[in-house]
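Data block below; observations after.
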Amino acid sequence: PSQLPAGPDSPQEKSGVWAPPGQYTVELQVNGHRYRQPLLLKADPRVQVSTAAMQREFELARKVEEASARAARASAEAGKLLKALDALPQTTLHTQVEDLMAKAQDLSGVVMHPDPRNAMGTPPRRTDSLRALSMNLAKLEQAVDGADADPSQDAKASYAELSTTLDATIEAWQRLKRSDLADLNARLKAVGAKPIAL
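Going by my numbering, 60 is the number at position 69 of the sequence shown; the sequence numbering is gapless.
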């Protein structure tokens, strides 16, 4: 296999999942000109896995990658929200700001002021936090994409569980933005302060 570029929603430091053998098109755009070239991607002869199995591996790896990107987007929003809340003056709606910070940190797993003496960081408190899910999805993606084998039942079950949990956590994150953040923004406007935009 070879690596396909990561999608537009994938974390920037990643280069994408391994692509299965097949016919592809390479495209290059320079100065408004688009160049295309066919490419035949052949299987590594040392890997004794069927093309169908590689395709299933690829499909699962892409699903995991997409879930990771969703978790990363929500985590980035949580980090932005927490920084904005932390920057508000102490006197501005202090209790409501503290409550929202606590909820956002709990749901995201993002730590606002980590202990610099702890280089490894503290583990997420909740297994369904965005941070914990991101860590587990990264491990699963590595296991699936690096296996050179048909996805195992364990891998498929792990993806199903993590995906379901991620859906619920992202829905909770959306609710936090629709209710708690919207309420705080209304109160900030009422006292003449700038609302928080994500």
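Beta carbons are placed, not taken as given, at the ideal position from N, Cα and C, and that holds for glycine.
- The Cβ-Cβ distance between residue 11 and residue 45 falls below 9 Å.
- Excluding five sequence positions before and after residue 77, the CB atoms of its chain that fall closer than 8 Å to its own CB belong to 92, 103, given in chain order.
- If you look at residue 13, you'll find it in the beta strand (DSSP E) that goes 13 to 21.
- Boundaries of the beta strand (DSSP E) harbouring residue 27: 24 to 32, taken from the DSSP string.
- Residue environment analysis places residue 35 among the exposed positions, since fewer than 16 neighbouring C-beta atoms fall within 10 angstroms of its C-beta.
- For the pair of segments examined, the stretch 139 to 149 was found not to touch the stretch 68 to 76: the number of CB pairs separated by less than 8 Å stays below three.
- Shown here for residue 133: not one same chain residue has a beta carbon closer than 8 Å to its own, the five before and five after excluded.
- When the five nearest sequence neighbours on each side are left out, the beta carbons in the same chain lying within less than 7 Å of the beta carbon of residue 55 are those of 128, 131, 132, 135, 150, in order along the chain.
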